Amino acid sequence: MDKNTVLEISDLHTHFKSKEGTVRAVDGLSLSLYEDEVLGIVGESGCGKSVTAQSILNILPKNGKIVSGQITYFNKGQSQEITSLLPESKEMRSIRGKEISMIFQEPMTSFSPVHTIGNQIVEVVELHRDDATIDARAQAINMLELTGMPNASEIIDAYPHNLSGGMRQRAMIAMALSCHPKILIADEPTTAVDVTIQAQVLSLMLDMRNELNMSVIIITHDLGVVAETTDRVAVMYLGKVMEIATVYELFDSPKHPYTQALINSVPKTSGEITKLVPITGTVPNPYNIPAGCPFHTRCPDFIPGVCDEESPIKTNISADHQVWCFKHADEKKQEN
Amino acid sequence: MRGKKEDRVVVASQWQLIRWKFSRHRMAVVGLIVLVLYYLAAIFSEFISPYDPYEYDEAFAYAPPQVVRFRDDQGKFHLRPFVYPIKKELDKVTWEVLYVEDRTRRLELRLFVRNWEYNFLGVIKSDLHLFGVDKGMLSIMGKDTMGRDLFSRIIFGSRISMTVGLLGIAISFFLGCLIGGISGLKGGVTDTIIQRIIESIRSIPTLPLWMALSLVMPDNWSILKTYFAIIMILSIVGWTGIARVVRGKFMALKSEDFIMAARLDGSGNGRLIFRYMLPSFSSHIIASLTLSIPGMILGETALSFIGLGLQPPAISWGVLLKDAQYVRVLAQSPWMLFPALFIVVSILAFNFVGDGLRDAADPYAKV
Amino acid sequence: MYRFILRRILLMIPTLFALSIISFIIIQAPPGDFVDSYVARLRAQGDYIEEERIESLRAQYSLDDPMMTRYFRWFGGVLRGNFGVSMNYNQAVTSIILDRLPYSFLITLLSLFLVYLIGIPIGILSAVKQYSAWDYIATTVGFIGLGTPGFLLALLMLWILYSLTGNAAIGLFSTEYLGAPWSWGKVVDLINHLWLPASIVAFTGTASLIRTMRANLLDELEKPYVMVARAKGLKNLTLLFKYPFRIAINPIISMIGWTLPGLITGEMLVSLVLGLPTLAPLFLESLRMEDMYLAGGIVFVLTLFTLVGTLVSDILLAVIDIRIREET
Ligand SMILES: Nc1ncnc2c1ncn2[C@@H]1O[C@H](COP(=O)(O)OP(=O)(O)OP(=O)(O)O)[C@@H](O)[C@H]1O
Ligand SMILES: [Mg+2]
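Residue numbers (this note's numbering), protein chains in the order written: chain A, 15 to 350; chain B, -8 to 358; chain C, 41 to 368.
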């Protein structure tokens, strides 16, 4: 298949310094994002999903740092290596919000409480417009209307506390899309809104993707969301990708023991009655990630002397399906 | 979640948690140690003071502090610290009396010497003192106008200065909890009126209020009476702050189930406040109480300093500082500012401890 | 907005009324009255004073009227700007106060200005560059200020000045301007004399403002909306002032009113220590003499000052924070 890559992450390591020591929040992560696709990133809480997103935009908190690896952004045949840019450089800033933008988990606290919604959306448009004559306010209203916001021309002058949770999330999406970015990263966009709104927000995002031709990364720990919305899925555990596959292959024939466990731990919606199996053990301490495969402490197929010593290497199950696990190491041609 | 340390947090009780978080706050621990020392000095003033704070000797008026040394003029090292005795000399040119060190003799400092007699706590008669010299005069922080030992006076001053804050806070606390509690529990008109009153009191600048109130005390009151009157005066402003904290908390607590249950059981307001509601946020209260003590200490100091608070013969740090208010005295004997050092250190100590308590009591604070 | 301001001003009226009563009661509280203490002073000097003269003095100042009558007469006057007659100076209280009030206000306002002018930038710097050398210096200065009340600092200054120059009379004017009519030179001279007491008064307040500003801003910097704003591609500095600073400053603006009583207290103590001819020494004297209309007038004026201060800071806060306006 011929797919154009828009974003390529290879062997990314992002660490945090804290009083207790170094947290290896992202620890050797590699993945690619193709044009026009929806990529899901799933994993348990604390596995480094948000930190990955922050690394892509280079907006890590002060104590965080990308220590090694590359993030490359491809646009119109040109490539820009994000990891080589200083976080506050002009080039980096011109990518944020314009080329790659992000939707955050908390619609409540993601807006400044003392500025109007409009003010906060117009700001992005004004920041990135090529032509100073573009009416930023009109574009903001337009964008709000596109998200299905009722009374967009009034809502634009409202303050965040006047809006309901669902409306705030729409405004958030409008803000993120107001400069027609090539890539949208949605970090748990539906966790903080109630179930009825979740579906609306998700379908809105998919509509917008069709409308604006962009690639979307949806970060979530909800496999249901993944199944409904994504084309491909990356499964993360303790800062690493464990398995990556098309959504169909992943649910149909998960290869990694962690993916299998993850899928078995959620109820099926298809009506089959199967026993739910919680994953045994607890997530290891992120200050002290175990050597070898990070999942070996909880893995049912743990191979002593192998899994706890060496890092598993990538195995191609098919063109669109890779897994990092010793169990499958000899099944197919190895790479890397 | 995060290994051993975190596990401990999970099983610790609220108070253990607070203690553990407090002990990680280095400045707060230092502050606490300083405060313990201060209060020990207040309790054992007689034992710690080398001299009777009232014993004067005009011959040594304004005698400077001596330097405690280990090495003598010949460069010889002595294991036991010593001072050189002070003697008077007349300046041949200006005819001024000068104090000079007599380098020919050494006065050795000793622990547990016998000197002036006192009644500890009014019962135990003793003449034992923590330290002193056998013969001659010791002046570690200098002597005052009348040749009284400043160090001994500062130690005795801590009795008043360090307790004014505590007692004042106790009274403010009681008033604040009661009035703030009623305000928060009753709500409505009662609440509005009480809040207006609090706001009015708080908008009067404290010093003029204190100054005016302190004139209510007749001149002929005993030291003890004046002392309690001053504490009352300081509390008149102090309770308002606590009342606001308590009210805010009560507003939030009012609807909690266990309070409802107690109310349905027929508990009166007073019982409700002191028996059920206060214990549920005592750590916060303790922190804000600690942080309001320095204001009280400063209040007493300022009032005594401008002559409206305690009067000599009472000894408090403010009374002692009053001697330093004349610039000539200051220029000639800057050691008269030593009481100020004690004040500053005590205020900082209370602030550090209060900060530490506040952070420790906050369940969401990072550790 | 205008309704908010109007409401806020109307709310001040009962407070003002309550305050006038409190002031009056405080002033009445000391045992005896002006004539008693006047007579006692005369007698102490060995002077003789006739009973009739005492009675006539009492009558002259209506000291024997019931308290309520005197209160309403006094308050009625206050409303018209007439604070009564000072028994000690035998002069209208209003004119005595007006003579000195400007200096007290100038020192207080100047110190308020200094507190915010110095405290806010240092607080910001210390939050943005957390754990840097700057932060440590600012924090240390903050601690020193926290523990050193203005009057101790004033005492220290006095000593230093005296040791350096042999002269500790600070005053408000140089001798050549003392009786002179107002001129540009006199204004400059006044400012030259004011900044020292004002900075002493400001020290403690500045220290605590640095701490508050730093803590508030650090709190805000961690909020999600900051990361959102960074994700938009805003410049760090633009972002800082548009978002976290704007929000961190709100509680600080609402504090302006509440810093005033503290600054006034500081101003009074510092003036007493430095011997400045402001309201403070006058107040102390009037209290000692039981010159109650003068004392009461001073308390009332100072309180009014803080009330207006809180009013201004409430209005400012409402202007910058929509949430406050909508609540009330
Ligand atoms: N500012 C920070 N300082 C220190 N550690 C951090 C910081 N931010 C994140 N971490 C750590 O990095 C790891 C990954 O965090 P991250 O927020 O990416 O998890 P996540 O996968 O997004 O989880 P969730 O589903 O809960 O959002 C966690 O162990 C977290 O404690
Ligand atoms: Mg996350």
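Don't be surprised by glycine CBs; every beta carbon is placed ideally from N, CA and C. Here the structure is a predicted model, which means the values were calculated and not measured.
Proximity test, Cβ basis, 9 Å: residue i and chain B
i: I293 (chain C); result: no
i: E330 (chain C); result: yes
i: I147 (chain C); result: no
i: T368 (chain C); result: No answer about T368 (chain C) holds up, because its pLDDT of 48 lies below 50 and its placement is not dependable.
i: W114 (chain C); result: no
i: Y171 (chain C); result: no
i: M253 (chain C); result: no
Spatial distance of residue i from residue j (CA atoms)
i: K116 (chain B); j: L28 (chain B); result: 23 Å
i: C61 (chain A); j: T36 (chain A); result: 15 Å
i: C339 (chain A); j: L237 (chain A); result: 21 Å
i: T234 (chain A); j: N176 (chain A); result: 27 Å
i: A241 (chain A); j: V261 (chain A); result: 6 Å
i: L339 (chain B); j: I288 (chain B); result: 12 Å
i: V215 (chain A); j: E260 (chain C); result: 28 Å
i: K(-5) (chain B); j: A352 (chain B); result: Confidence at K(-5) (chain B) is low in this model, with a pLDDT of 44, below 50, so the placement of that residue should be treated as unreliable; the coordinate-derived value is given next. Cα to Cα, the separation comes out at about 22 Å.
i: I53 (chain C); j: F115 (chain C); result: 13 Å
i: E291 (chain B); j: K104 (chain A); result: 58 Å
i: G83 (chain A); j: Q94 (chain A); result: 14 Å
Residue i CB to nearest heavy atom of ligand 2 below 8 Å
i: S229 (chain A); result: no
i: S64 (chain A); result: yes
i: D236 (chain A); result: no
i: E262 (chain C); result: no
i: E120 (chain A); result: no
i: D25 (chain A); result: no
i: E202 (chain A); result: yes
Any non-hydrogen atom of ligand 1 closer than 8 Å to residue i Cβ
i: I233 (chain A); result: yes
i: S59 (chain A); result: yes
i: A39 (chain A); result: yes
i: S337 (chain B); result: no
i: S205 (chain B); result: no
i: F147 (chain B); result: no
i: P300 (chain A); result: yes
i: N77 (chain A); result: yes
i: G406 (chain A); result: Absent from the structure is residue 406 (chain A), since the part of chain A shown begins at 15 and ends at 350.
i: F30 (chain A); result: yes
Cβ separation of residue i and residue j, assumed to be a contact under 8 Å, to the nearest whole Å
i: S77 (chain C); j: E330 (chain C); result: 5 Å
i: S53 (chain B); j: S324 (chain B); result: First, the residue type needs correcting, since residue 53 (chain B) is Tyr and not Ser in the sequence shown. Confirmed, about 5 Å.
i: R38 (chain A); j: G253 (chain A); result: 6 Å
Residue i at chain A interface by Cβ criterion, 9 Å
i: R270 (chain C); result: yes
i: Y283 (chain C); result: yes
i: R286 (chain C); result: yes
Residue i, buried or exposed, once every other Cβ within 10 Å from all chains shown has been counted against 16
i: V125 (chain C); result: buried
i: H120 (chain B); result: buried
i: S337 (chain B); result: buried
i: D140 (chain B); result: buried
i: P292 (chain A); result: exposed
i: R140 (chain C); result: buried
i: T205 (chain C); result: exposed
i: T244 (chain C); result: buried
i: F125 (chain A); result: buried
i: S14 (chain B); result: exposed
i: Y283 (chain C); result: buried
i: Q348 (chain A); result: Below a pLDDT of 50, predicted positions are generally treated as unreliable, and Q348 (chain A), at 48, falls in that range; the measurement from the model is reported next regardless. Looking at its Cβ environment, which holds fewer than 16 other Cβ atoms inside 10 Å, Q348 (chain A) is exposed.
i: D314 (chain B); result: buried
Contact with chain C by residue i, beta-carbon distance below 9 Å
i: P285 (chain B); result: yes
i: M202 (chain B); result: yes
i: Q302 (chain B); result: no
i: P308 (chain A); result: no
i: Q214 (chain A); result: no
Closer than 8 Å: residue i CB and nearest ligand 4 heavy atom
i: D259 (chain C); result: This structure lacks ligand 4; the ligands present are ligand 1 and ligand 2.
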